[in-house]
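J.: My questions all concern the structure below.
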Amino acid sequence: MAISLPLVFDAPRRAMPPRHLADLDDDARTAAVAELGLPAFRGKQLANQYYARLIADPHEMTDLPANLRDQIGEALFPKLLDAVREIECDAGETRKMLWRAVDGSTFESVLMRYPQRNTVCISSQAGCGMACPFCATGQGGLQRNLSTAEILEQVRAAAVELRDRDGDGIAEPARGGRLSNIVFMGMGEPLANYNRVLAAVRRITAPPPNGFGISARAVTVSTVGLAPAIRKLADERLGVTLAVSLHAPDDALRDQLVPLNRKYPLAELLAACRRYLEAAPRDFITFEYCMLDGVNDDEAQARALLRLVGEHGPAGRVPCKFNLIPFNPFPASGLKRSGAARVQAFARALIDGDGAGGVVTTVRKTRGDDIDAACGQLAGEVQDRTQAARRMTRAPIAIRPAAPAENRR
Ligand code: SF4
11 MAISLPLVFD APRRAMPPRH LADLDDDART AAVAELGLPA FRGKQLANQY
61 YARLIADPHE MTDLPANLRD QIGEALFPKL LDAVREIECD AGETRKMLWR
111 AVDGSTFESV LMRYPQRNTV CISSQAGCGM ACPFCATGQG GLQRNLSTAE
161 ILEQVRAAAV ELRDRDGDGI AEPARGGRLS NIVFMGMGEP LANYNRVLAA
211 VRRITAPPPN GFGISARAVT VSTVGLAPAI RKLADERLGV TLAVSLHAPD
261 DALRDQLVPL NRKYPLAELL AACRRYLEAA PRDFITFEYC MLDGVNDDEA
311 QARALLRLVG EHGPAGRVPC KFNLIPFNPF PASGLKRSGA ARVQAFARAL
361 IDGDGAGGVV TTVRKTRGDD IDAACGQLAG EVQDRTQAAR RMTRAPIAIR
411 PAAPAENRR
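Below, the structure is given as structure tokens:
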């Protein structure tokens, strides 16, 4: 077993970026404008410009007196992110942004346009400390947590992009031009940066002028299974969708694929999921399952998954959907993507189900494979070139193969 990366829960102590308006809640915003000697209504005015009009440069805020713009810009709108690279694929329907923060940290967001919705996948940390061996990001370790404003700037940039390309940003209901969905599935484990992610979710879902006004149901927070944080999030009753990366039907395999499982095993994780559904409230959890050839993609394992979600707790099966994710191979992993026939057979086994019926199952359409934009490939390209070189020379990760297949193709 060659997994040697440690789990890192606490981000290394690095200076956080300067304060930005998007870091502040209503009260803190009022206090901040008071510090500048300005009346309270200016706070609301600035928030309206930022969240409703998507403007982050006071010099473009036409309702602001010209003599205040420099002062306000310096105090509340420092430039946090520089777009280092921008790559498109899928005929322009997928666009990856590589951002550089003021301290040089790099992270990424991906904007994906679909017929009925526009989704941005955002990062919550620069790097990740969860060390999942099938994930390129996890191999680079955790650089630092992102601030709330750095998270929200990814959202605002996506909304601006959509508005400028074909519509009216967040305000218009039609698909064209409107940012409709946010998924926290970029770099990082969102629940390991709990307070800042929570503040970002509150501002994403709050109506203008206090937030972007996106429906909580259209926001997905993804986690690899930080059970205590799931329980805490349940108590917030935000109503956001929770996506849990499962990837294995039993603890023995999940201990290898998701090192965090050794701390919070499946029984505790599923109990936390139940609690989330009861409190949140939401109708179901989405279980993400990365399909790894010969590792976790056997039909017998699909049936074991059904037993798993059926056996934890007295209330019957955990209400859930499965989302099967084609693995995006990267050289150091030594792992391969499951073939389409195996993915289909696995999905069919989940859908057809056992004696207790099946579970709704989808297969994620990969977006951005050719630009390393798909989930698990958001490793920085600009920063840490040395670290990347070291990663690529590490021995491939050895993972126990799947049990002998009953219906192996
Ligand atoms: S899969 Fe998610 S939690 Fe695991 S290392 Fe990658 S980014 Fe982190």
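Position in the sequence shown (first residue = 1) + 10 = our numbering.
Ideal placement from N, C-alpha and C gives every residue a C-beta, glycine not left out.
All values reported here derive from a predicted model rather than from experimental measurement.
Have a look at Ala44, Glu96 and Ala210 and flag the residue whose alpha-carbon is nearest the alpha-carbon of Trp109.
T.: Within the sequence shown, residue 109 is the residue found at index 99, counting from 1. Per the Cα distances, Glu96.
J.: CB Ala76 to CB Pro219, shorter than 9 Å?
T.: For the purposes of this step, residue 76 is taken as the residue at position 66 of the sequence shown. For the purposes of this step, residue 219 is taken as the residue at position 209 of the sequence shown. No, these two residues do not count as a Cβ contact at 9 Å.
J.: Please name the residue in Gly196, Ile335, Ala159 and Pro49 whose C-alpha comes closest to that of Val120.
T.: Here residue 120 is taken as the residue at index 110 of the sequence shown, counted from 1. The candidate whose alpha carbon is nearest that of Val120 is Gly196.
J.: Taking 8 Å as the line, does the beta carbon of Asp147 fall inside it for any heavy atom of the ligand SF4?
T.: The residue given as residue 147 occupies position 137 in the sequence shown. According to the sequence provided, residue 147 is Thr. The question's Asp does not apply to it. Yes, the ligand SF4 has a heavy atom inside 8 Å of this Cβ.
J.: Closest to Ala210 by CA distance: which of Thr230, Arg358 and Ile161 is it?
T.: If you number the sequence shown from 1, residue 210 lands on position 200. Out of Thr230, Arg358 and Ile161, Ile161 has the C-alpha closest to the C-alpha of Ala210.
J.: Please state if the CB of Gln153 and the CB of Arg24 are separated by a distance shorter than 9 Å.
T.: Here residue 24 corresponds to residue number 14 of the sequence shown, with the count starting at 1. Here residue 153 corresponds to residue number 143 of the sequence shown, with the count starting at 1. Yes, Cβ-Cβ distance for Arg24 and Gln153 is below 9 Å.
J.: Considering Cα atoms alone, identify which of Pro16, Leu15 and Pro22 is closest to Asn203.
T.: Position 193 of the sequence shown, counting from 1, holds the residue named residue 203. Nearest option by C-alpha distance: Pro22.
J.: Mapping DSSP to helix, strand and coil, what is Asn1?
T.: No answer is possible for residue 1: the residues shown for the chain start at 11 and end at 419.
J.: State the Cα-Cα distance for the pair Phe294 and Val328, rounded to the nearest angstrom.
T.: Locating residue 294 in the sequence shown gives position 284, where the first residue counts as 1. Locating residue 328 in the sequence shown gives position 318, where the first residue counts as 1. Distance between the alpha carbons of Phe294 and Val328 is about 8 Å.
J.: Roughly how many whole angstroms lie between the Cα atoms of Ala281 and Pro336?
T.: On the sequence shown, residue 281 is found 271 positions in, with the first residue counted as 1. On the sequence shown, residue 336 is found 326 positions in, with the first residue counted as 1. When rounded, the distance between both Cα atoms is 27 Å.
J.: Is it right to say Pro143 is buried, meaning 16 or more other beta carbons lie within 10 angstroms of its own, or is it exposed?
T.: As a working note, residue 143 is residue 133 in the sequence shown. The residue is buried, with at least 16 neighbouring Cβ atoms inside 10 Å.
J.: Check for me: the beta strand (DSSP E) holding Phe356 runs from which residue to which?
T.: In the sequence shown, counting from the first residue as 1, residue 356 sits at position 346. Taken as a continuous stretch (DSSP letters only), Phe356 belongs to no beta strand (DSSP E), being part of the alpha helix (DSSP H) at Ala350 to Asp362.
J.: Where does Val370 land, buried or exposed, given buried means 16+ other C-beta within 10 angstroms?
T.: Numbered from its first residue, the sequence shown carries residue 370 at position 360. Val370 should be labelled exposed.
J.: Which one of Thr251, Ala216, Ala277 and Phe340 has the shortest CA to CA distance from Pro238?
T.: Here residue 238 is taken as the residue at index 228 of the sequence shown, counted from 1. Pro238 has its Cα closest to that of Ala277, out of Thr251, Ala216, Ala277 and Phe340.
J.: Buried or exposed: which applies to Thr372, given that a residue is buried once 16 or more other Cβ atoms fall within 10 Å of its Cβ?
T.: Residue numbering aside, residue 372 sits at position 362 when the sequence shown is read from its first letter. Under this definition Thr372 is an exposed residue.
J.: Going by C-alpha to C-alpha distance, which of Ala32, Asn155 and Leu302 sits closest to Phe19?
T.: Position 9 of the sequence shown, counting from 1, holds the residue named residue 19. Checking every option, the nearest Cα to that of Phe19 belongs to Asn155.
J.: Please classify Gly365: is it buried, with 16 or more other beta-carbons within 10 angstroms of its beta-carbon, or exposed?
T.: Counted from its first residue, the sequence shown places residue 365 at position 355. Its Cβ having fewer than 16 others within 10 Å, Gly365 is exposed.
J.: If you measure between the beta carbons of Leu279 and Val305, is that distance less than 9 Å?
T.: For the purposes of this step, residue 279 is taken as the residue at position 269 of the sequence shown. For the purposes of this step, residue 305 is taken as the residue at position 295 of the sequence shown. No, these two residues do not count as a Cβ contact at 9 Å.
J.: Which stretch, first to last residue, makes up the beta strand (DSSP E) that contains Cys142?
T.: Position 132 of the sequence shown holds residue 142. Per DSSP, Cys142 belongs to no beta strand (DSSP E) and is neither H nor E.
J.: Regarding Gly102 and the ligand SF4, is the C-beta to nearest heavy atom distance less than 8 Å?
T.: Position 92 of the sequence shown, counted from the first residue, corresponds to residue 102. Not so, every heavy atom of the ligand SF4 lies at least 8 Å from the Cβ.
J.: According to DSSP, is Ala17 part of a helix, a strand, or is it coil?
T.: Your numbering for residue 17 matches position 7 in the sequence shown. The displayed chain sequence assigns Leu, not Ala, to residue 17. Residue state, collapsed to three classes: coil.
J.: For a test of your reading of the model: does the CB of Ala141 fall under 8 Å from any non-hydrogen atom of the ligand MG? Yes or no.
T.: Ligands in the displayed structure: the ligand SF4; the ligand MG is not one of them.
J.: How long is the line joining the alpha carbons of Thr251 and Val234, rounded to whole angstroms?
T.: Position 241 of the sequence shown, counting from 1, holds the residue named residue 251. Position 224 of the sequence shown, counting from 1, holds the residue named residue 234. Roughly 14 Å separates the two Cα atoms.
J.: Would you identify the three-state DSSP class for Val207, choosing helix, strand or coil?
T.: In the sequence shown, counting from the first residue as 1, residue 207 sits at position 197. Three-state result, Val207: helix.
J.: Going by C-alpha distance, which of Phe87, Pro200 and Gly102 is nearest Leu236?
T.: One-based indexing of the sequence shown puts residue 236 at position 226. It is Pro200 whose Cα lies nearest to the Cα of Leu236.
J.: I need the straight-line Cα distance from Arg173 to Gly148, nearest angstrom please.
T.: Here residue 173 corresponds to residue number 163 of the sequence shown, with the count starting at 1. Here residue 148 corresponds to residue number 138 of the sequence shown, with the count starting at 1. Those two C-alpha atoms are separated by around 33 Å.
J.: Regarding Cys138 and the ligand SF4, is the C-beta to nearest heavy atom distance less than 8 Å?
T.: Here the question's residue 138 lines up with position 128 in the sequence shown. The answer is yes for Cys138.
J.: Phe194 and Thr158: beta carbons closer than 9 Å?
T.: Taking the first residue of the sequence shown as position 1, residue 194 is located at position 184. Taking the first residue of the sequence shown as position 1, residue 158 is located at position 148. No, these two residues do not count as a Cβ contact at 9 Å.
J.: Locate the beta strand (DSSP E) running through Asp92, then write down its first and last residues.
T.: Start at 1 with the first residue of the sequence shown, and residue 92 comes out as number 82. Start and end: Leu91 to Cys99.
J.: Pick helix, strand or coil for Ala389, following the three-state DSSP scheme.
T.: The residue labelled residue 389 in the question sits at position 379 within the sequence shown. Annotation note: pLDDT 46 at Ala389 (below 50); position unreliable, no value reported.
J.: What's the gap between the Cα of Arg175 and the Cα of Cys330?
T.: Here the question's residue 175 lines up with position 165 in the sequence shown. Here the question's residue 330 lines up with position 320 in the sequence shown. Going from the Cα of Arg175 to the Cα of Cys330 covers about 36 Å.
J.: In angstroms with no decimal places, state the Cα-to-Cα distance between Met26 and Cys131.
T.: By one-based count along the sequence shown, residue 26 stands at place 16. By one-based count along the sequence shown, residue 131 stands at place 121. Approximately 22 Å, taken between the alpha carbons.
J.: Can you list, in chain order, the residues of its chain with a C-beta nearer than 7 Å to that of Leu420? Leave out the 5 residues immediately preceding and following it.
T.: Residue numbering for the chain in the displayed model covers 11 to 419; residue 420 lies beyond these limits and cannot be assessed.
J.: Could you tell me which whole alpha helix (DSSP H) segments of length 4 or greater appear in the region 188–250?
T.: Those alpha helix (DSSP H) runs which fall completely within the region 188–250 and span 4+ residues are 204–215 and 237–246.
J.: With a 10 Å radius around its C-beta and 16 neighbouring C-beta atoms as the bar for buried, classify Lys346 as buried or exposed.
T.: Here residue 346 corresponds to residue number 336 of the sequence shown, with the count starting at 1. Exposed, by the Cβ-count rule.
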